[in-house]
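Contents: one structure, followed by commentary.
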Amino acid sequence: MNIAAAIFVDGLIDASWLFIVAVGLTLVFGVLNILNFAHGSLFAVGAYTAASAVGWYYGGNFGPAFLGYFVMLGAALLVAVALGPLLERGVLRLFYRRDEVVIVLVTYALFLILEDATKLIWGVNPYYAYEPYGLLGNVSVFGLSYVGYDFALVGLALVTGVLLWLGLNRTISGKVVLAVIHDRDMSGAMGVNVTRVFVLAFTFGVFLAALGGAFTAPKISVQPGISISVILLSFAVVVIGGLGSVEGAAIAALIVGLARAAAIHLMPSAELFIVYLVMALVLALRPEGLFQRMATRKI
Amino acid sequence: MTGRIGTFAAALVAFAALALLGRVLPNWFVLVTTLAFAKGLVALGLVVLMRSGLVSFGQGTFFCAGAYAAGLAMRSLGITDAVLLVVLGGALALILGLLIAPLLAGYRGIFFATLTLALSMIVYGILDKTYSLGGSDGINLQAPTFLSYQPQTSQEASYALFVLASLLTAIASALCRIHFDSIRGLLSLAARDNEIRVEYLGASVRWVSGANFVIAGVLGGIGGALAALSLGHIDPDFAFWTTSGEFVFLAILSGHASVTAVFVAAVLLELVRSFSSQYFPNTWQGALGIFLLLVILFLPDGLGSLVRRRRPTTAKAAPKPVERVK
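So the sequence lines, in the order shown, correspond to chains A and B.
Using this note's numbering, you'd call the opening residue of the first sequence number 69 and step up by one each time.
Using this note's numbering, you'd call the opening residue of the second sequence number 281 and step up by one each time.
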């Protein structure tokens, strides 16, 4: 019983940051039809920026400790505004007429470049941003002690998901985005500025990746290599949930989080590949993922 | 028929030239070229696959299978013959390919790419934790023999392996050229352009892509076994996604027009890597990324297309290519 509870809570915590990252990936895929390999690097850049910003903030005694969370949020925003338009307008735009697989390769190239760029800027030594992690004290759940910050992360994921859903389904601009997802050419013909939607959606996707990175940074040591594990995990989440589906990303993040937690508790050696096993199983049964309707073929 | 004989003659000439060159070139160059040929074989398989519109991001699965088949046969069965080990590598990859192909042949585009990636990462995860197979440390291989010929110096050993790699490269190139020009090979291109049209013409896209997948797998296995012998060491990184990404890079760089371009690209890449990892180790990946972007932007059909463009007579005689319908 204790193990089941531990698996559940650990899985939930794991699923929270996975969801934030993966929903960004799925949104970018939905709007721009790009499976962004560099998403993990943007996560890493967000984590590094947040770690630096947190170190700067707590090093200088600028104000009350809880404002550190807003510093992290600001770091994620900064990354999004700096990199989103740059990457979309500067690079991706040039390749929209190519095959979708070719664009995956383009983002793979971006990933390689960003990977070295982060090494050049932040070096190869790990960064720690532990201050915000202890601020919320400890919480006891099912008789197990957890760090309060982890549950704040679950809350952040919930808020992100609900806001994103409301924004997409209940606002005019969200519906414009949905229209572009549904049919890019048709919405362009109806007067939607597709280019602007592209830039904004990509920037928002970058923001979500950086947000995931920024708020995961206090939990981990930020060092080279995190982008790889993140992109592989969020790929799996997005594919399981169905490319372009927000609800799918939520459910799939939960599935992947629980599967990973179960593996860590019951069979630690399986942690690495259980995610891909789940993904392969889902794809074998439902190639479009859990929440994606079969696309009609366009010729 | 003369086309086929011509292809084999060209392959024979290329092999003879390579074997002679290997005697003259410095030893380090021979070593680098052997590894480049091994990787080029895998990339050639990927080119076969890409002609039917499929890109595998997990070709490391077969590369790794071939390498481990060779390594384990050497360690457990005591086989040291390089030719036999390479054949074993190809055979395991063939079995693996035949098992996986029916599962994957129905997928396209990104799904195919991510599913192959997932498979390779499963293989990586299993090998990384299987301590009887060396775990993450891998296995060291001893020096191979060549059909009862036992090289005495390391110089001779690397030359012998180079000759074997060149021979395999020449054979694989010739066979792939013939495959590309055969009906099934041409059907691959047709399937890439419009699957439904191919189905209505009475051919099975599933069959075509399945066959190409198996061919790519076998080439991957042979390349893996060669790489294992050339490096003298195998570890789970053979199946890691960065390894697979390198093959995709090679295949994109060379394009699907020319078989030779694959190996030229492989040697180039391997040379660039050994120099740049020596002189600027921290920016090597980024340079690779920029290079990849530039190739995709300015040479969408790869290095191979450069050769085709320089042939004015055939370009004029051939009918204008039809705009692709999407």
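Cβ atoms here follow ideal geometry from the backbone N, Cα and C, with glycine treated the same way.
Just so you know, these numbers come straight off a predicted model, no measurement behind them.
Please confirm whether residue i and residue j have their CB atoms less than 9 Å apart.
i	j	result
Gly340/B	Phe543/B	no
Gly504/B	Gly414/B	no
Ala290/B	Ala454/B	yes
Gly281/A	Ala90/A	no
Gly490/B	Tyr176/A	no
Phe266/A	Val290/A	no
Gly312/A	Thr94/A	yes
Phe442/B	Leu311/B	yes
Val314/A	Leu232/A	yes
Leu384/B	Thr396/B	yes
Val260/A	Val244/A	yes
Val305/A	Ala285/A	no
Leu421/B	Ala508/B	yes
Ala373/B	Phe342/B	yes
Val547/B	Thr313/B	yes
Ser585/B	Gly525/B	no
Ala452/B	Val327/B	no
In this structure, how does DSSP classify residue i when only helix, strand and coil are distinguished?
i	result
His459/B	helix
Val488/B	helix
Thr593/B	In this prediction, Thr593/B scores a pLDDT of 43, lower than 50, which makes its location untrustworthy; no coordinate-derived value is stated.
Phe560/B	coil
Tyr404/B	helix
Phe288/B	helix
Tyr198/A	coil
Val290/A	strand
Met258/A	coil
Met354/B	helix
Pro431/B	coil
Ala306/B	Looking at the sequence provided, one finds Pro at residue 306/B rather than Ala. Pro306/B: coil per DSSP, three-state reduction.
Glu356/A	coil
Arg365/A	The predicted model places Arg365/A with a pLDDT of 43, which falls under 50 and marks its position as unreliable, so this point remains unresolved.
Phe520/B	coil
Thr284/A	helix
Met335/A	coil
Pro599/B	Note that Pro599/B scores a pLDDT of 49, beneath 50, so its modelled location is shaky; the value from the coordinates is reported in the next line. Coil, per DSSP.
Ser453/B	helix
Val350/A	helix
Pro153/A	helix
Tyr387/B	coil
Arg166/A	coil
Val607/B	Because residue 607/B is not part of the residues shown, which for chain B are 281 to 606, the question remains open.
Val77/A	helix
Ala483/B	coil
So what does residue i bridge to, in DSSP terms?
i	result
Ala215/A	Going by the sequence as given, residue 215/A is Val instead of Ala. Note: Val215/A sits in a beta bridge opposite Asn206/A.
Ile419/B	Ile514/B
Asp361/B	Thr425/B
For residue i, which residues from the same chain have a beta carbon less than 7 Å from its beta carbon, with the 5 sequence-adjacent residues on both sides left out?
i	result
Tyr126/A	Gly136, Glu199
Ala437/B	Ala423, Pro431
Met401/B	Trp521
Trp190/A	Tyr116
Leu447/B	Phe295
Thr449/B	Phe317, Gly320, Leu321, Phe543
Counting only the same chain and skipping the five closest in sequence on each side, list residues whose C-beta sits under 8 Å from that of residue i.
i	result
Ser109/A	Leu178, Phe179, Leu182, Glu183, Thr186, Ser295, Ile299
Val605/B	Residue confidence for Val605/B is low, a pLDDT of 48 falling below 50, so the modelled location carries little weight; the figure read from the coordinates is stated next. Excluding residues within five positions, the ones whose Cβ falls inside 8 Å are Asp473, Asn474.
Asn237/A	Lys243, Leu246
For residue i, I'd like the list of residues in its chain whose CB is within less than 6 Å of its CB, leaving aside the five on either flank, ordered along the chain.
i	result
Gly325/B	Ala496, Leu499, Gly500
Thr594/B	With a pLDDT of 44 at Thr594/B, under the threshold of 50, the modelled position of that residue is not reliable, and no figure is offered here.
Ile75/A	Ala329, Ala330, His333
Ile171/A	Ile102, Phe163
Gly79/A	Gly325, Leu326, Ala329
Ala349/B	Leu368, Gly369, Leu372
What in chain C is Cβ-close to residue i, meaning under 7 Å?
i	result
Glu156/A	Note that chain C does not occur in the displayed structure, where the protein chains are A and B.
_Residues of the region 111 to 143 of chain A in Cβ contact with chain B at a cutoff of 8 Å, in chain order, please._
In summary, no residue of the region 111 to 143 of chain A has a CB separated from any CB of chain B by less than 8 Å.
_the region 364 to 394 of chain B: positions lying closer than 8 Å to chain A by Cβ_ = Of all residues in the region 364 to 394 of chain B, only Leu383, Gly386, Tyr387, Gly389, Ile390, Phe391, Ala393, Thr394 place a beta-carbon less than 8 Å from a beta-carbon of chain A.
*Members of the region 540 to 568 of chain B that neighbour chain A once the beta carbon cut-off is set at 7 Å*: Flagged, chain order: Asn562, Thr563, Gln565, Gly566, Leu568.
*Taking a cut of 7 Å between CB atoms, which residues from the region 321 to 354 of chain B lie near chain A?*
Within the region 321 to 354 of chain B, the qualifying residues are Val335.
_Residues of the region 340 to 355 of chain A whose Cβ lies closer than 7 Å to any Cβ of chain B, in chain order_ = Only those residues of the region 340 to 355 of chain A whose C-beta falls short of 7 Å from the nearest C-beta of chain B are listed: Leu340, Phe341, Tyr344, Leu345, Met347, Ala348, Leu351, Ala352, Pro355.
*Using a Cβ cut-off of 8 Å, which residues of the region 408 to 420 of chain B contact any Cβ in chain A, in chain order?*
Against chain A - using a Cβ distance shorter than 8 Å - the residues of the region 408 to 420 of chain B are Asp408, Lys409.
*Anything in the region 309 to 335 of chain A with a Cβ closer than 9 Å to a Cβ of chain B? List those residues in chain order, please.*
So the close ones are Leu311.
*asked:* Which residues of the region 282 to 311 of chain B have a Cβ closer than 9 Å to any Cβ of chain A? Give them in chain order.
replied: Taking 9 Å as the Cβ-Cβ cut-off against chain A, none of the residues of the region 282 to 311 of chain B qualify.
*Quick one, which residues of the region 527 to 538 of chain B are near chain A if we go by CB-CB under 9 Å, in chain order?*
Residues of the region 527 to 538 of chain B that bring their beta carbon within less than 9 Å of a beta carbon in chain A comprise Val528, Phe529, Ile532, in sequence order.
*Near-chain B residues of the region 184 to 203 of chain A - C-beta to any C-beta below 9 Å*: Residues Asp184, Ala185, Lys187, Leu188, Val192.
*Note down, in chain order, all residues in the region 437 to 448 of chain B with a beta-carbon under 9 Å from any beta-carbon belonging to chain A.*
Against chain A - using a Cβ distance shorter than 9 Å - the region 437 to 448 of chain B contributes no residues.
*According to a CB-to-CB cut-off of less than 8 Å, which residues of the region 457 to 487 of chain B neighbour chain A?*
When CB distances to chain A are screened at a threshold of 8 Å, the residues of the region 457 to 487 of chain B falling below it are Asn474, Ile476, in chain order.
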